[in-house]
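Chains as they are written, first to last, in my numbering: chain Z, 17 to 520; chain L, 17 to 520.
Below is the structure:
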């Protein structure tokens, strides 16, 4: 089994297909018969629940509360912000009728609506309408709300988690008295996302601002966190938008200011979605399947009773239960250690492989011989699958949180090293094209990675690069010491190097 | 202020309007411009989050896991179960297009779908399709899943929380090897709902089976919990359905049984929704607003600093912070005591009334004089609003969970007494009509309450009563000793008395 991998093809052989197979092997999700809509299976949904719990805590700790707004947006609302509707018009699910009627023995849509309703692709306009009702005076500001919801964007090339017609997300929407306050909020939430990605997902992200052509439709500025995954492509894993007064003017969010004048509020929005699950898979998975960072893993430890003989089965299962009970009393960063017991009457190898594929951080085998010795065999998902440590029970209990922290740190270290190796300063157009041109045309995914290169700020240049190489500016990264230079494409002045990459 | 109530009209004056005004006074939710779709505001959503947390724990403790299934159901799926589509056809939001296109300067739906998609009114058919893919052998059963989701049923007469076009709910869907197992599951989850209603919402519900005419479309048997609210009407607060093999036949959920034969699975579904919030408001609210049972209250205690003078303001606020910090370290049934501090620079009366209307269980005032004495003034939401206990800080800390438990018990006792007073055995048709005919035609809501009366099992009788009195059978209640008798409408034999009421 040493040569065989649990997932086929391997990452080297076919990264996009490897990704689909990991999702299948870990039993995270699957396509439904409804085009682009996925079924999120229990292990995948439990991962999302962990992410939600952590993010929700971070949002509340920064003064936000949750609320819930309608699924449907009247077409006329969407149209209020010109750039916004332009951005979403091509991918809207449109509700036109409110019942079904039998006609010639077939059920057909009936009860046509006087105004079509759009299934929310995002909620700036419907939430803006509520804020316009609620805000009268500067005393009503700021409004700091978030909602956990499903949204729909009709995707022509869906891919599980990364790009689905329906997806789950959170969208924060805030309204402020001043531009400065709104900008501060935008940046604060970007930092929340960056912290979450690093400390929980073990993914080092690059933070920065999007170029104008990559902005959220209707935003004044869009900030993002960009992750590099193992095929060296970028994934935009979260965004935070400073919306200026665009949406408050469109929705009429006005207030009487401290000076008595009537002013428009300044708004922001920010969101992350189930796309984070796709990012996590691509950032950490290996050829044996998913690898879960312990701080978002639905379960930390699986205990695998090895019960080859009927006469010792009961005793082994009891020892497994006892160990699980003791582990569950241990707190790991504020949550109890989560333990699964796989007591199915199957061979240890079969059970082990299932949990390897599911990415659980720690596997503990207990067999009849261990009972007498008071030991167990412990394996870590970040180490070769055959590596086992034979430990006394007591050491497992005293060491479990330390091992989880080590795994967490190891995953971040690996991802950071990989990112740093594949992030290159590129100083000429020729090198840039070479960097992004696959050496082997059979493997278009093999290319340089992230390029840091000077750019003159022109959208025409971006367009050209996108057409030539399918490469875009991922962000204009934040830097304390921007280094001016010369655009490698035009020779014109450049304020700083920007991050270019292929992306999902 | 002793004569004035915070909410107008009072329950006596106009119960339906009182309900709307409590929602407004407590700032729980409001109508949006999208017909029948509500905005759930932070205080209302926080209440839903508490309910979710408790229920989710109960579902997981009974072996269920969460998953997520598509929002959209192909029309052909809905049609697979004849009674089911018949039941929902008249209230479906139908998606017919997947983009918008400019035409004569206007945006219009474009990209017509080859098959219309229905926004899920419930998910039996779309989840059934997934189960059909997953189940091959008896070893794959049972499947015990739940999803938290939004659903849409086009309501012609929407009412906040009780009946909205879009609402939030959970829907459990399980598949089993045998009929017995599925029936056991159906009953188990009904008991979970009953327990939740009693021990958390402080609402005593009647459990029983629906008559055939009130069954969920496609179910073999529907069980329910029925609450009585303060206008003596019934609210169906939760349902659990035994679906037999109806949906597994429609969806093709087949498995190889232990004997090798191919069989259809036995399925169940069960759900509660944001309707529980409406039930809670109507069950416990008074003429001063909402009253929250402590075990689902988003916050248990509000500390109201009284700061009439600038020179003592800082010291009072500090004392409030200290007390809050100490309270938050106390555990109330497994969750930390949740404390709000209302430090707005407003008068104590204004602040008190706001929290009375919001229904928070305990209000604590701290003023400059209290500082010197080390006391506070404590008021309970279940007592007259002027009643205050002057307590040393230490007594507050040692007594807070006891007081919360007392409030919880008091609310249940009140609701139970009210229900019992208004639940009458009715032995003749004449008495039955009198029971449900309002003495005062200006107040159609004033009627007897719940009637326990013998019935011959005929749907025609139900239909007649519904037409005459707008009264329906709420359930055939579970009883250990069914008492046979004579139908009061027909003189025919009756197996047991059933519960009749007007309902929401």
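Even glycine gets a Cβ: it sits at the ideal position worked out from N, Cα and C.
Exercise. From Z/319, Z/384, Z/84, pick the residue whose C-alpha is nearest to that of residue 327 of chain Z; which is it?
Worked result: Z/384
Exercise. Can you tell me whether residue 361 of chain Z is buried or exposed, with buried defined as 16 or more other CB within 10 angstroms of its CB?
Worked result: exposed
For this session: Determine which residues of the region 99-120 of chain Z have a Cβ less than 9 angstroms from any Cβ of chain L, and write them out in chain order.
Result: 101, 104, 105, 106, 107, 108, 109, 110, 111, 112, 113, 114, 115, 116, 117, 118
For this session: Would you tell me roughly how many angstroms separate the C-alpha atoms of residue 140 of chain Z and residue 189 of chain Z, rounded to the nearest one?
Result: Each residue's CA atom was taken as its position, placing residue 140 of chain Z and residue 189 of chain Z some 7 angstroms apart.
Exercise. Would a check of beta-carbon distances place residue 166 of chain Z closer than 7 angstroms to chain L?
Worked result: yes
For this session: Could you tell me the distance, in whole angstroms, from the CA atom of residue 277 of chain Z to the CA atom of residue 436 of chain L?
Result: 58 angstroms
For this session: Determine the extent of the alpha helix (DSSP H) in which residue 34 of chain L is found, giving its start and end residues.
Result: From DSSP, the alpha helix (DSSP H) with residue 34 of chain L extends over 31-41.
Exercise. Residue 374 of chain Z: buried (16+ other C-beta within 10 angstroms of its C-beta) or exposed?
Worked result: The residue in question, residue 374 of chain Z, is buried, as its Cβ has 16 or more Cβ neighbours within 10 Å.
For this session: Within its chain, find whatever has a CB closer than 8 angstroms to the CB of residue 269 of chain Z; leave out the 5 residues flanking it on each side and keep chain order.
Result: Excluding positions up to five away in sequence, the list reads 144, 147, 148, 151, 191, 263, 280, 281, 283.
Problem set entry | Where the alpha helix (DSSP H) containing residue 102 of chain L begins and where it ends | 98-104
Exercise. Which of the residues in the region 41-52 of chain L, read from start to end, lie with their CB under 7 angstroms from any CB of chain Z?
Worked result: 48, 49, 50
For this session: Mind checking which residues open and close the beta strand (DSSP E) that includes residue 216 of chain Z?
Result: Unbroken run through residue 216 of chain Z: none, as it is neither H nor E.
Problem set entry | Within 7 angstroms, strictly: CB atoms of residue 469 of chain Z and residue 440 of chain Z | no
Exercise. Under a CB-based cut-off of 7 angstroms, is residue 472 of chain Z close to chain L?
Worked result: no
Exercise. For residue 302 of chain Z, does the three-state DSSP call read helix, strand or coil?
Worked result: strand
For this session: Grab the span of the alpha helix (DSSP H) containing residue 58 of chain Z for me, first residue to last.
Result: 58-77
For this session: Could you check the C-alpha separation between residue 36 of chain L and residue 185 of chain Z for me, to the nearest Å?
Result: 31 angstroms
Exercise. Quick one: any contact between the region 87-107 of chain L and the region 202-209 of chain Z, if contact means 3 or more CB pairs under 8 angstroms?
Worked result: Counting C-beta pairs with one atom in each stretch, the region 87-107 of chain L and the region 202-209 of chain Z have fewer than three that are closer than 8 angstroms, which means they do not touch.
Exercise. Which full runs of the alpha helix (DSSP H) of 4+ residues lie inside the region 181-253 of chain L, going along the chain?
Worked result: 195-215
Problem set entry | Rounded Cβ spacing between residue 69 of chain Z and residue 58 of chain L (contact assumed at less than 8 angstroms) | Contact doesn't hold; Cβ gap of about 19 angstroms is too wide.
Problem set entry | The alpha helix (DSSP H) enclosing residue 285 of chain L, as first and last residue numbers | That residue, residue 285 of chain L, is in no alpha helix (DSSP H); its beta strand (DSSP E) goes 282-289.
Problem set entry | Reduced DSSP category for residue 118 of chain Z - H, G, I as helix; E, B as strand; rest coil | strand
Exercise. What separation, rounded to the nearest whole angstrom, lies between the Cα atoms of residue 306 of chain L and residue 44 of chain L?
Worked result: For residue 306 of chain L and residue 44 of chain L, the distance between alpha carbons rounds to 10 angstroms.
Exercise. Under 7 angstroms between the Cβ atoms of residue 518 of chain L and residue 486 of chain L?
Worked result: Going by C-beta atoms, residue 518 of chain L is nearer than 7 angstroms to residue 486 of chain L.
Exercise. Given 8 angstroms as the limit, is there contact between the region 20-31 of chain L and the region 501-511 of chain Z, that is, 3 or more CB pairs closer than that?
Worked result: no
Exercise. Got a sec, what are the start and stop residues for the alpha helix (DSSP H) residue 151 of chain L sits in?
Worked result: It is not in any alpha helix (DSSP H) - residue 151 of chain L carries neither H nor E in the DSSP assignment.
For this session: Go ahead and pull the three-state DSSP assignment for residue 127 of chain Z.
Result: strand
Exercise. Between L/212, L/247, L/422, L/207, which lies nearest to residue 454 of chain L when the distance is taken from Cα to Cα?
Worked result: L/247
Exercise. What does residue 55 of chain Z touch in chain L if you count any residue whose Cβ is under 8 angstroms from its own?
Worked result: The answer, in chain order, is 83, 84, 85, 86, 146.
Problem set entry | Whole-angstrom C-beta distance between residue 142 of chain Z and residue 85 of chain Z, which should lie under 8 angstroms | 5 angstroms
For this session: For residue 29 of chain Z, I'd like the list of residues in its chain whose CB is within less than 6 angstroms of its CB, leaving aside the five on either flank, ordered along the chain.
Result: none
Exercise. For residue 182 of chain Z, which residues in chain L fall below 8 angstroms Cβ to Cβ?
Worked result: Going along chain L in sequence order, the residues near residue 182 of chain Z (Cβ under 8 angstroms) are 86, 87, 88.
Exercise. According to the neighbour-count rule (16 or more other Cβ atoms, all chains shown, within 10 Å of its Cβ), is residue 416 of chain L buried or exposed?
Worked result: buried
Problem set entry | Straight-line Cα distance separating residue 475 of chain L from residue 295 of chain L | 28 angstroms
Problem set entry | Continuous alpha helix (DSSP H) stretch holding residue 424 of chain L: start and end | 409-437
Exercise. Looking only at DSSP bridge pairs, what is residue 54 of chain L linked to?
Worked result: L/47
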